[in-house]
Amino acid sequence: MRNNNQSIGLPLLVGALVLTGVPSAQAAPNTFNTALPVPQGETIWREQLVSRERSDGGPLDREVSVQALGSVLGYGITSKLAVFGVVPYFFNKELDVTTPMGRIERDTGGIGDVSLFGRYRGLKSNGTKTYGKDALIAV
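Numbered per mature numbering (1 follows the signal peptide of the UniProt record, and there is no 0), the sequence shown spans residues -27 to -1, 1 to 112.
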């Protein structure tokens, strides 16, 4: 399996932060995008770098390699309603598998499927005190 694109993701991200003059990097919660707090009239932008390598010792001898950057933009329409858009960019997505006809290698890169979704907070819990609200509703 070719790993020529494996080492460019992190240096590329660090270089972009240095060149843009960002004094410090601030991270969003590492859970899911609908958990991001977005105040009314505000936007939030989140980048998430994903690098995965998998292989198995089975008869197909599969090897999967993925390096991607997920860009998420959220906008708070009201204090309870936020909308999000996700655009993944794949630096390298590769699959190698052994078949009865020989070894097959597939790879691709570029923009993946764009996702649009919204979150409406109907119920809210604040620590141990509940104000008659205690759930998150994601659409």
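Where a beta carbon is used, it is the ideal one built from N, C-alpha and C, also for glycine.
Bridge partners for residue i per DSSP, in chain order?
i: G31; result: In DSSP, G31 forms no bridge with anything.
i: D69; result: E36 and E78
i: L22; result: L42
i: P61; result: G43
i: A55; result: G49 and R92
i: residue 135; result: Nothing can be reported for residue 135: it is not among the residues displayed for the chain, which extend from -27 to 112.
Less than 6 Å between C-beta atoms, sequence neighbours within five positions excluded: which residues of the same chain meet that for residue i?
i: P61; result: A41, G43 and G85
i: L46; result: W18 and G58
i: V37; result: R27 and L68
i: V70; result: L33, R35 and I77
i: R79; result: L68
i: D29; result: R35
i: V87; result: V60
With DSSP as the reference, label residue i as helix, strand or coil.
i: P(-17); result: helix
Out of the options, point me to the one whose CA is closest to residue i's CA.
i: P(-17); options: L22, L9, V59 and R92; result: L22
i: R25; options: S88, K66, L96 and P12; result: K66
i: Q13; options: L54, R92 and L96; result: L54
i: P10; options: D29, S88 and V56; result: V56
Checking contacts by CB at 8 Å: is residue i closer than that to chain C?
i: V11; result: The structure shown contains no chain C; it is built from a single protein chain.
Considering only residues of the same chain and omitting the five flanking positions on each side of residue i, which have a CB-CB separation below 8 Å?
i: E15; result: Y48 and G49
Exercise. Check whether the region 70 to 86 touches the region 47 to 56, counting contact only when three or more Cβ pairs, one atom from each stretch, lie closer than 8 Å.
Key: no
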